[in-house]
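Taken in sequence, the protein lines are chains U and X. Per the numbering used here, the very first residue in the first sequence carries number 1; after that it's consecutive. Per the numbering used here, the very first residue in the second sequence carries number 107; after that it's consecutive. Positions of the beta carbon are idealized from the N, C-alpha and C atoms, including for glycine. Since this is a predicted model, take the numbers as computed values, not measurements.
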Amino acid sequence: MNLRRDVFQAIADPTRRAILLLLASQAMTAGAIAANFDTARPTVSKHLQILTECELLEQEQNGREIYYHLNPAKMKEIADFIEPFRKMWDDRFNKLEAIMKNYKNK
Amino acid sequence: MEQKTKVSAEDGKQELFITREFDLPLDLVFRAFSEPAIIEQWMSNPYSNARLLKFEAKKQGAYQLETTDAQGKITFRANGVIHEFDPGIKITRTFEMEGTPYGVQLEVYKFEKLSDDTSRLIMHVIYESVAQRDEVLKLPFAKGINMAHDRLQEILSKLN
């Protein structure tokens, strides 16, 4: 559960969300990612480290360069985070609707 | 497909919104939140039976809800105080799960008429902190795991 909480802390930061968005279409090196931001290179490196530590990003060695790419499994986990909660309310409200429809004709 | 029930929980905020559009006239939707026997019905599911121990639908009224499993064992109790009970318009109440570290949440239910046969409910839920909101959001998920675990226990006990 700790790791999970870290993931949500990770995506709470706007720069980190922007990095994830940037990497959605292609794998990139740290330098190429940093070029997209006004922030200092070490700051971007720190963000990449956090995203990698909570497994949202994966590193891949390609020659002398390290490329960062999204970890789809972990990204899906975020997307699914709210789904069980939503489903619980959806089930309840579907039931409410079905029950009250009986009252409608009375 | 458009989802009928939507949950919006922005990052870093200690609140969330649950929005639902019903194929029901406004008065029937509100009635489903006003009559204990009806609330008990829609809050129950095949795994859990809901019962209102107390329900005073008025300003400064209080309520207490209990759920039991198929064996009649108490699985959950919650209570709160009603601050506003404005028929067809709004309910404001607190909600607290007894014996849990999740704190007290403030809930504002707004009821809106869309047409003669459709209406919308907007639930605004405010938690004590961002962390607490996120913990509560994880609950149904954790419950799912527990349920699977219980089922496993059940099967294993039959093998013995």
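Chain X contact for residue i (CB, 8 Å cutoff)
i, result
"residue 53 of chain U", "no"
"residue 82 of chain U", "yes"
"residue 75 of chain U", "no"
"residue 50 of chain U", "no"
"residue 56 of chain U", "no"
"residue 96 of chain U", "yes"
"residue 99 of chain U", "yes"
"residue 91 of chain U", "yes"
"residue 19 of chain U", "no"
"residue 86 of chain U", "yes"
"residue 33 of chain U", "no"
"residue 66 of chain U", "no"
"residue 104 of chain U", "yes"
Sequence-distant residues of the same chain with beta carbon closer than 6 Å to residue i, five excluded per side
i, result
"residue 228 of chain X", "125 and 216"
"residue 235 of chain X", "120"
"residue 34 of chain U", "41 and 44"
Residue-level contact to chain U via CB, residue i, 8 Å cutoff
i, result
"residue 147 of chain X", "yes"
"residue 212 of chain X", "no"
"residue 243 of chain X", "yes"
"residue 197 of chain X", "no"
"residue 134 of chain X", "yes"
"residue 182 of chain X", "no"
"residue 187 of chain X", "no"
"residue 217 of chain X", "no"
"residue 266 of chain X", "The predicted position of residue 266 of chain X is uncertain, since its pLDDT is 42 and thus under 50; no value can be drawn from it."
"residue 126 of chain X", "yes"
"residue 228 of chain X", "no"
"residue 113 of chain X", "yes"
"residue 151 of chain X", "yes"
"residue 254 of chain X", "Residue placement at residue 254 of chain X is flagged as unreliable, the pLDDT there being 47, under the threshold of 50; a coordinate-derived value is accordingly withheld."
"residue 175 of chain X", "no"
"residue 129 of chain X", "yes"
"residue 144 of chain X", "yes"
"residue 192 of chain X", "no"
Residue range of the alpha helix (DSSP H) that includes residue i
i, result
"residue 94 of chain U", "83-104"
"residue 43 of chain U", "41-53"
"residue 88 of chain X", "Lying outside 107 to 266, the shown extent of chain X, residue 88 of chain X is not represented and no answer is given."
"residue 13 of chain U", "Note, residue 13 of chain U: premise wrong, no alpha helix (DSSP H); not H, not E."
"residue 147 of chain X", "142-149"
"residue 33 of chain U", "30-34"
Cutoff 8 Å; reference residue i; Cβ partners in own chain excluding five residues on either side
i, result
"residue 196 of chain X", "190, 214, 215, 216 and 217"
"residue 164 of chain X", "188 and 191"
Chain-order list of residues whose beta-carbon lies under 7 Å from that of residue i (same chain, five-residue window excluded)
i, result
"residue 212 of chain X", "200 and 232"
"residue 36 of chain U", "22"
"residue 161 of chain X", "142 and 169"
Host beta strand (DSSP E) of residue i (start-end)
i, result
"residue 121 of chain X", "121-128"
"residue 217 of chain X", "210-219"
"residue 133 of chain X", "Segment 132-137 is the alpha helix (DSSP H) holding residue 133 of chain X; no beta strand (DSSP E) there."
"residue 186 of chain X", "180-192"
"residue 196 of chain X", "196-203"
"residue 267 of chain X", "Since the displayed chain X opens at 107 and closes at 266, residue 267 of chain X lies outside it and no answer follows."
"residue 62 of chain U", "57-62"
"residue 112 of chain X", "111-114"
"residue 65 of chain U", "65-70"
Check your understanding: For the region 63-74 of chain U against the region 111-126 of chain X, are there 3 or more C-beta pairs whose distance is under 8 Å?
Key -> no
Exercise for review: Tell me, please, whether the region 38-45 of chain U touches the region 56-63 of chain U by the rule of three or more beta-carbon pairs shorter than 8 Å.
Suggested key: no
Practice item. Kindly confirm or deny that the region 154-168 of chain X and the region 122-137 of chain X touch, where touching means at least three C-beta pairs closer than 8 Å. Key: no
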